[in-house]
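Only one structure is covered here, and it is reproduced in the block below.
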Amino acid sequence: MVDKKTYQFSFIIIFVILIACFFINISLGSVSIPLKDIFNSLIGYPTEQEAWQKIIQNYRLPKALTAIIVGSGLGISGLLMQTLFRNPLAGPFVLGISSGASLGVALVILGSGLFGGVLASLFISKWGIVIAASLGSFLVLLAVLAVSIKVRDTMAILIIGLMFASITAAIVSVLSYFGSAEQLQQYIFWGFGSLGNLSWEDLTILLIIYQLGILLSIFSIKSLNTLLLGENYAKSLGLNIKQSRLIIIIATSLLAGTITAFTGPIAFIGLAIPHITRQVFNTSNHKVLLPAVFLFGAIVMLICDSIAQLPSSDYTLPINAITALVGAPVVIWLLVRKRKMIF
Amino acid sequence: MAKVKKNIILKTQDLDIGYTSKKENTVIASNINIKLESGKLIGLIGANGIGKSTLLRTLTNVQSPLNGDIQINGKNISEYNPLDLAKVMSLVLTEQVASKNLSVFELVALGRQPYTNWVGNLSESDIQSIEKAIEQTNITSLKHKKCFELSDGQLQKVMIARALAQDTDLIILDEPTTHLDMYHKTYILKLLQRLAKETNKTILFSSHEIDLAIQLCDNLIVMTDNEVVSDVPCNLISKGTFETLFPKDLISFDETTGSFRVKK
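These protein sequence lines are chains A and B, in that order.
The first sequence maps to residues 1 to 343 in full-length UniProt numbering.
The second sequence maps to residues 1 to 264 in full-length UniProt numbering.
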């Protein structure tokens, strides 16, 4: 009971930090806008300059919301993978989900020359990329899962996941070798990752699929907790392993797949956020971890995005580089300070 | 007759166990007829590789029998769905739990999973069962510790508490005394003996501690090359069953002390 109260307190603090990060993120950018006008624009009041309202409503607000979705979604998919594979190294990247998405996108962008003309433009549309990325990540994850049923050793599964990643990377390089300069540039820019390219329409699509993934994750809380005992114990507790595993994997590929599709492969978040959360909350209970990972993921992503825009300059750095540059030292610092990895 | 039947939790009839592959069936042991009664502590003993694990895996429905059937509370084991089976049979396995960051209370609470709602919230009665299981296994002082802080002996008690919290008629333990010192081996088995009496549950465990099992168990299931015998320990001693347990070149069974001696 005491535990519950301290958790509530921590959650309130973290939520306040999230709100603060949200506003800081919106207030920073190449054009400086007074805080008062930011509030005004958010609640629909007129701002001093009309352009400010446009900047905030059409650019900064969707970008901040994307950051929240991306951070929380990737964090949760990492948490699901780490529990499912009972391995602290698991995450969307290591298991090849992101490389699967990359392969899907590469096939669409770089391979579109093969289909020619009208068909190509159809494929390169945003929907084409989104579907390709989701399918790619789902297929790779399914392949890893199929192997994981045969191979019981979790270390072997991770290595197999890395091998799948290498295979997809190899296919992508073959495709890029034959791709045109334009296609290559398009693919590379997708690979840098970007939160700012989403229109409100894109955001709506992302949000719908994201909600589905989150919903499935929430439904998996009980089975995730049971899986903490290991699969044989989970089975003896009446858990339908095959079904729970499938739901967890579908949730992960929906989250990681669509997010990667819309924003490009964003490294590090999926692996690190669950670790940061476990260090702070010191629990393995997914009823606490899931909402906490959600909040931490959103906060870290907002901070990374704020840094990526290089406040008061016209440049925006690739978000993919920032997440690792900012996040990796944090994880190292946490592990060194506590001298113990909590899993 | 009806009353006697009621006390039998698990019963096998002409059970053959082993592995099936495409080419052939590998029979590990055949014609197993055992009855496990409530309130009894039953030990399963036999040499390495004789098929103890296969028998336990078959009794717990991890693998199917080659022939014959297993009845739990009068119902064939294959007719149970996983959730219903989890309400009549709980396990303590040799494998380590995947996450040692769970607190003792959290781990024991996972035993209530078959009864909790979709998100796993504990009701009043769930918490009562958990507290009771923690009390019965004398681990109240460990309640808020994390599992990685515990010794092997303490961890084994926690796993037993988890099985108790699952509130089943039958608890099956796979070699619960491995990795433990002499004192803790005895401690765990005495604990099981007391729990079987107090809670009227059927407790079946496999073990290599033959002398301890002889002293503490109500019944023993002995697996030898030729047959699977189930009886009270003193009958098994007088029948000379233990003599057939191992090759005779190194050790021999001493009937007066009920233990094995190294041949000089």
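We put the CB at the ideal spot given by N, CA and C, even for glycine.
Of the other Cβ atoms in all chains shown, fewer than 16 fall within 10 Å of the Cβ of residue 225(B); this residue is therefore exposed. Separation of the CB atoms of residue 119(B) and residue 222(A) is rounded to 6 Å, and the pair is thereby assigned contact status at 8 Å. Under a 10 Å Cβ-count criterion, residue 234(B) is classified as exposed, with fewer than 16 other Cβ atoms of the shown protein chains found around its own Cβ.
The bridge partners DSSP lists for residue 45(B) are 222(B).
In terms of Cα proximity to residue 60(B), the closest of 78(B), 67(B), 49(B) and 46(B) is 78(B). Two segments are said to touch when three or more pairs of C-beta atoms, one from each, lie closer than 8 Å; by this definition the region 23–39 of chain B does not touch the region 73–91 of chain B. As summarised for the region 123–168 of chain B, the continuous alpha helix (DSSP H) elements at least 4 residues long and confined to that stretch are 124–136 and 152–165, given in chain order. The Cβ of residue 284(A) sits closer than 9 Å to at least one Cβ of chain B. Unbroken beta strand (DSSP E) stretches of 3 residues or longer found wholly inside the region 26–85 of chain A: none.
When DSSP states are grouped into helix, strand and coil, residue 242(A) belongs to the helix group. The beta carbon of residue 53(A) sits closer than 6 Å to those of 41 and 47, all from its chain and outside the five residues before and after it, given in chain order. Per DSSP, reduced to three states, the secondary structure at residue 320(A) is helical.
Within the region 212–223 of chain A, the residues whose Cβ lies closer than 8 Å to some Cβ of chain B are 218, 219, 221 and 222, listed in chain order. For residue 29(B), the enclosing beta strand (DSSP E) covers residues 25–32. The criterion of a C-beta distance shorter than 9 Å is not satisfied by residue 124(B) and residue 285(A). Rounded to whole angstroms, the separation of the alpha carbons of residue 22(A) and residue 62(A) is 11 Å.
Under the DSSP definition of a beta bridge, residue 173(B) partners with 92(B) and 205(B). Contact annotation: residue 175(B) and residue 206(B) have beta-carbon atoms nearer than 9 Å. Beta-bridge analysis with DSSP links residue 231(B) to 220(B). In the DSSP assignment, residue 16(B) forms a beta bridge with 67(B).
Taking C-beta separations shorter than 8 Å and ignoring five residues to either side along the sequence, the partners of residue 213(B) in its chain run 43, 45, 189, 207, 220 and 233, following chain order. Interface annotation, residue 86(B): in contact with chain A, CB-CB separation under 9 Å. The DSSP-derived three-state label of residue 314(A) is coil. Taken atom to atom, the span from the alpha-carbon of residue 273(A) to that of residue 302(A) is near 13 Å. Taking every protein chain shown into account, the CB of residue 255(B) has fewer than 16 other CB atoms within 10 angstroms, so this residue is exposed. Taking a cut-off of 8 Å on C-beta distances, the region 316–331 of chain A touches the region 186–194 of chain A, as three or more cross pairs fall below it. Taking 9 Å as the cut-off, the beta carbon of residue 271(A) is found closer than this to the beta carbon of residue 92(A). Judged by beta-carbon spacing, residue 89(B) lies within the 9 Å limit of residue 169(B), meaning their Cβ atoms are closer than that value. Close to residue 65(B), with beta-carbon spacing below 8 Å, lies no residue of chain A; the smallest spacing is near 18 Å. When the alpha-carbon of residue 97(B) is set against those of 300(A), 234(A) and 333(A), the nearest one is in 234(A). Taking C-beta atoms as the reference points, residue 257(A) and residue 137(A) count as a pair closer than 9 Å.
DSSP, reduced to helix, strand and coil, places residue 260(B) within a strand of the structure shown. Per DSSP, residue 252(B) is not a residue of any alpha helix (DSSP H); the beta strand (DSSP E) it occupies stretches across 251–254. Taking all protein chains shown into account, residue 178(A) has fewer than 16 neighbouring C-beta atoms within 10 Å of its C-beta and is therefore exposed. Residue-level contact check: residue 150(A) does not touch chain B, since none of the beta carbons of chain B fall below 9 Å from its beta carbon. Chain order gives no chain A residues near residue 55(B), where near means a beta carbon separation below 8 Å; the closest approach is about 16 Å.
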